[in-house]
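This report concerns only the one structure given below.
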Amino acid sequence: MYNEAVKIILRRFRDRSLESGLLIIALALGIGVFTAGLSLIMNTAAYSNEIMKSPVYKEIVVSTRGEADEMETPVSEKPARETAILTQADLDAAELAPNVAWAYVQNHNRLHLISPGLTDEAPPGMMMPTEDNTEEEQITNFRGFQQISDEDLAAAQRDSNIILSELDEISGYSVTPQFFNSWEIDSANGSLFSEADLTGTDNIIILGSDLAELLAGDKMPEADLLGKKLLSREGYQTIIGILDPVSDIFDKSFFSPYKDLTGGMSGFKNMFMNTQLRFAVDDSEQLYETASLLSSWFTNRFGENQIVISNPRAEAEQLIARNTGIGVLILFLSAAGFFIALVNVSNILMSRVLRMKKNVGILMALGSSKRGIMKLFLTEALMLAISGSIAGAVFAIPLSSYMREAAGITSGSWIYIAIGAVFAGVLTGLFGLIPSRQFMKIDPAQAMRSA
Amino acid sequence: MIKLEQIKKQYDLGGTKVTALKDVSIEINRGDYAAIMGPSGSGKSTLMHILGILDTATGGRYFLEDYDITALPDMEQARIRNKHFGFIFQSFNLFPELSAVENVMLPMSYAGVPYKARKEKAVQLLHEVGLEHRMTHLPTMLSGGEQQRVAIARSLSNDPDLILADEPTGNLPSDKGEEIMKILESLNRRGVTVVMVTHNPEQGRRAGYIIELRDGALIKGSPDPEVSRV
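Going down the list, the protein sequences come from chains A and B. In terms of the numbering used here, the first sequence is residues -14 to 436. In terms of the numbering used here, the second sequence is residues 2 to 231.
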């Protein structure tokens, strides 16, 4: 049960609902913007720290110039511009860079799955090479798709060892085994592949955890996928392993051994697919030196301007620095807005307190101490602070979400909004106390005379 | 009960010292009914405020029950005001946000009286001043006389040793003022010490003890046996 003095404050608050409501809105806006700004900068820092732990940011990526320009270059011009072809053999560059812990190939790959009902409608202009094709035909139609007859499909459907998926295609990577070392992927249901598999003739794949779940569906446990063959237009793919969860992208992907054949269809295909070599170091501090050594090695081998040595960490750090700068600016502006709101609230509270000056004298005559008066006004300030903080947090949630999205932060914690709202609420309470402090210096008689 | 020795009060108004009280020495005993009288600006209200520890003297000493309370910390002053003194003001000074009963309960909340007990006491006091039918009314719904009766009930809520009334009938018509005077005299007959500031000579004569001030100085300050009690 509130005591009567608190009731006075609560009822004054209620009786001046318009003034109180405007105060709360002003505070909510200030607190909301400040909290969203604080949340942005904290989430930026946390997200940056988190992503920088990824093995991607301990790697130097080596690709051909054409790969680097891929986004800007029309497809038709690409073959003409390519002069260098990277192969697995170029991983030997690691021998000259002592800090390189792992060196591997990681190329994007894609499998076009055959599902019942989409049997022989290969995308236009694409024919899968068959064993009867000449190598020339294979090259001409290197991305062609294998025709499959209704009978073969029916036979495949009857074969419990063959998986027909409803998916049109799945994406993944052709990698060399050190990819798994670099990403510290050492466990899988089934097995990982080895160097020997790179030269083998069998088509084998390892599935990311989410992809395995998708392919298994409700029909079978994921482990039952092992040993089965996935029917794709690129041929049967034998599933030899299922990875534990690694990262969002890898979990949805498959991994096949990189086939480094310089001649024939695969060599041609690799030229088009722009093999990417990756050199991972243990300590990110070693990246710049490693990049420099690799640059020398590849320039010697291919000449100037043929190979692009990129340092994803340096690029990410630039992006983080930019985002942090923008975040700090937003935080500063929002803090300024919040401060202005606080000063206004303090001024309005001051006028409310002054209107109560005589009442303060009466309360003191009836037995309240100066500290009791301060507590009373603190009650009012706390009411404002709490309601302003709650409304501000509600306002900050969508604002923070939008700001995070705009900054490209894909994960974030709501805890920063809670921290920001509590911090802003405490500040509001402190600013609300300023007006009542003046009563610490005057006698009750003075307060009563002021009416 | 109360002894003031050589009490001085000076105000500093923009560098000019204004003396409100000059060496005022008075003694108020338990059961007294005293009237502080004097023309405007004579220091009546200042003396009343110092008696009620609402203001602090700039010189002299204040004894309450033989304890020197001239310079007490704020918390202790608040406790004494709450437990030992009851205040009645000319303009009633009820809180418009609180009902009559809540206004009476207010001083008891500072004394730490539990809600139920203070409500029972407030109801009983409002009965005593004849406002049992106005308990839940806000002050704005009460007449001036009724408001002052609520204020009297409020002043009695912590069973004070001394009631300090600052022109309690000043804002009331004479009939209502007479009702208030009768309540105060009745309280005094029950043993409550009453000190009242008044301009009204008739009210002064009805008090057993006149403290008369002029220009801050005490003109008369001892119990006058010739003044009749009502």
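No residue lacks a Cβ here, since even glycine has one placed at the ideal position from N, Cα and C.
Assign residue i to buried or exposed, taking buried as 16 or more other Cβ atoms, counted over all protein chains shown, within 10 Å of its Cβ.
i, result
"PHE416 of chain A", "buried"
"GLU203 of chain B", "exposed"
"PHE90 of chain B", "buried"
"TYR34 of chain B", "buried"
"GLU274 of chain A", "exposed"
"ASN344 of chain A", "buried"
"VAL193 of chain B", "buried"
"MET113 of chain A", "Reliability fails at MET113 of chain A, whose pLDDT of 45 lies under 50, so the model's placement of it is uncertain and the value that follows must be treated cautiously. The residue in question, MET113 of chain A, is buried, as its Cβ has 16 or more Cβ neighbours within 10 Å."
"LYS204 of chain A", "exposed"
"ASN34 of chain A", "exposed"
"ALA321 of chain A", "exposed"
Going by beta carbon distance, what residues of the same chain come within less than 8 angstroms of residue i, once the five residues before and after it are set aside?
i, result
"VAL(-9) of chain A", "LEU361 and THR364"
"GLN7 of chain B", "ASP24, VAL25, SER26, GLY60, GLY61 and ARG62"
"GLN271 of chain A", "ASN84"
"LEU418 of chain A", "MET359, PHE362, LEU363 and ALA366"
Within the continuous alpha helix (DSSP H) that includes residue i, where are the two ends?
i, result
"PRO242 of chain A", "Premise fails: PRO242 of chain A lies in the beta strand (DSSP E), 239 to 242, not in any alpha helix (DSSP H)."
"LYS343 of chain A", "342 to 350"
"LEU3 of chain A", "2 to 37"
"PHE88 of chain B", "Per DSSP, PHE88 of chain B belongs to no alpha helix (DSSP H); it is in the beta strand (DSSP E), 86 to 89."
"LEU185 of chain B", "175 to 190"
"GLY370 of chain A", "Before going further, note that residue 370 of chain A is Ala rather than Gly in the sequence given. That run of the alpha helix (DSSP H) goes 355 to 391."
"ASN201 of chain B", "Counting along the chain, ASN201 of chain B falls outside any alpha helix (DSSP H), and DSSP gives it neither H nor E."
"MET150 of chain B", "A small correction: the amino acid at residue 150 of chain B is Arg; Met does not occupy that position in the sequence shown. Unbroken alpha helix (DSSP H) run through ARG150 of chain B: 145 to 156."
"GLU198 of chain A", "194 to 201"
"PHE178 of chain A", "Note, PHE178 of chain A: premise wrong, no alpha helix (DSSP H); not H, not E."
For a contact defined as C-beta to C-beta under 7 angstroms, what are the partners of residue i on chain A?
i, result
"HIS243 of chain B", "The first residue shown for chain B is 2 and the last is 231, placing residue 243 of chain B beyond what the model contains."
"MET136 of chain B", "The premise fails here: MET136 of chain B is roughly 14 angstroms from chain A at the closest Cβ pair, so nothing lies under 7 angstroms."
"ASN94 of chain B", "ILE347"
For residue i versus residue j, is the C-beta spacing smaller than 9 angstroms?
i, j, result
"PHE(-2) of chain A", "SER319 of chain A", "no"
"GLU213 of chain B", "MET49 of chain B", "no"
"ASN104 of chain B", "VAL151 of chain B", "yes"
"ARG80 of chain B", "MET349 of chain A", "no"
"ILE427 of chain A", "PHE96 of chain B", "no"
"LEU22 of chain B", "GLY44 of chain B", "yes"
"ALA403 of chain A", "ALA376 of chain A", "no"
"PHE235 of chain A", "ILE155 of chain A", "no"
"THR137 of chain B", "ALA101 of chain B", "yes"
"ASN94 of chain B", "MET341 of chain A", "no"
"SER372 of chain A", "ILE9 of chain A", "yes"
"ILE26 of chain A", "VAL313 of chain A", "yes"
"ALA74 of chain A", "ALA381 of chain A", "no"
"PHE323 of chain A", "GLY6 of chain A", "no"
"ASP56 of chain B", "GLN423 of chain A", "no"
"SER158 of chain B", "GLY87 of chain B", "yes"
Identify the contact partners of residue i in chain B, using a Cβ-Cβ distance below 8 angstroms as the criterion.
i, result
"MET37 of chain A", "Ordered by position in chain B, no residue passes the 8 angstroms Cβ test against MET37 of chain A, which lies about 56 angstroms from the chain."
"LEU351 of chain A", "ARG82, ASN83, PHE88, LEU107, PRO108, TYR111 and ARG155"
"LYS(-8) of chain A", "GLU98, LEU99 and GLU103"
Tell me which residues share the same chain as residue i and place their Cβ nearer than 7 angstroms to its Cβ, disregarding the 5 neighbours each side in the sequence.
i, result
"GLN91 of chain A", "TYR158, VAL160, PHE164, GLN261 and ARG263"
"SER269 of chain A", "TYR42, LYS43 and ARG298"
"LEU149 of chain A", "ILE99, SER100, PRO101, ALA141, GLN142 and LEU216"
"ASN28 of chain A", "ARG389, ILE394, GLY397, SER398 and TYR401"
"VAL19 of chain B", "GLN11 and TYR12"
"GLU66 of chain B", "MET2"
Whose C-beta lies closer than 6 angstroms to the C-beta of residue i among residues of the same chain, with five residues either side of it excluded?
i, result
"LEU(-5) of chain A", "none"
"VAL195 of chain B", "TYR34, ILE164, LEU185 and ASN189"
"PRO420 of chain A", "LEU334, MET335 and VAL338"
The beta strand (DSSP E) that contains residue i, what's its start and end?
i, result
"THR49 of chain A", "44 to 49"
"ASN92 of chain A", "85 to 97"
"GLY226 of chain A", "220 to 228"
"ILE27 of chain B", "17 to 29"
"LYS122 of chain B", "Not the beta strand (DSSP E): LYS122 of chain B falls in the alpha helix (DSSP H), residues 116 to 129."
"LEU211 of chain A", "First-last for LEU211 of chain A: undefined, no H or E at that position."
"GLN11 of chain B", "3 to 14"
"GLY405 of chain A", "Where GLY405 of chain A is concerned, there is no enclosing beta strand (DSSP E), although the alpha helix (DSSP H) it sits in stretches over 400 to 422."
"LEU262 of chain A", "262 to 266"
List the residues of chain B whose Cβ lies closer than 9 angstroms to the Cβ of residue i, in chain order.
i, result
"ARG(-3) of chain A", "GLU98"
Please list, in chain order, the chain B residues whose beta carbon lies closer than 7 angstroms to that of residue i.
i, result
"SER354 of chain A", "ASP75, MET76 and ALA79"
"GLU(-12) of chain A", "Sequence check: residue -12 of chain A is Asn here, not Glu. Near ASN(-12) of chain A (Cβ distances below 7 angstroms), the residues of chain B are SER110."
"ASN344 of chain A", "PHE96"
Using a cut-off of 8 angstroms between C-beta atoms, extract the partners of residue i located in chain A.
i, result
"GLY53 of chain B", "ALA350"
"ASP24 of chain B", "Ordered by position in chain A, no residue passes the 8 angstroms Cβ test against ASP24 of chain B, which lies about 20 angstroms from the chain."
"THR57 of chain B", "ASP428"
Mind checking whether the beta-carbon of residue i lies closer than 8 angstroms to any heavy atom of the ligand HEM?
i, result
"GLU203 of chain B", "In the structure on display, the ligand HEM does not appear, and there are no ligands present to speak of."
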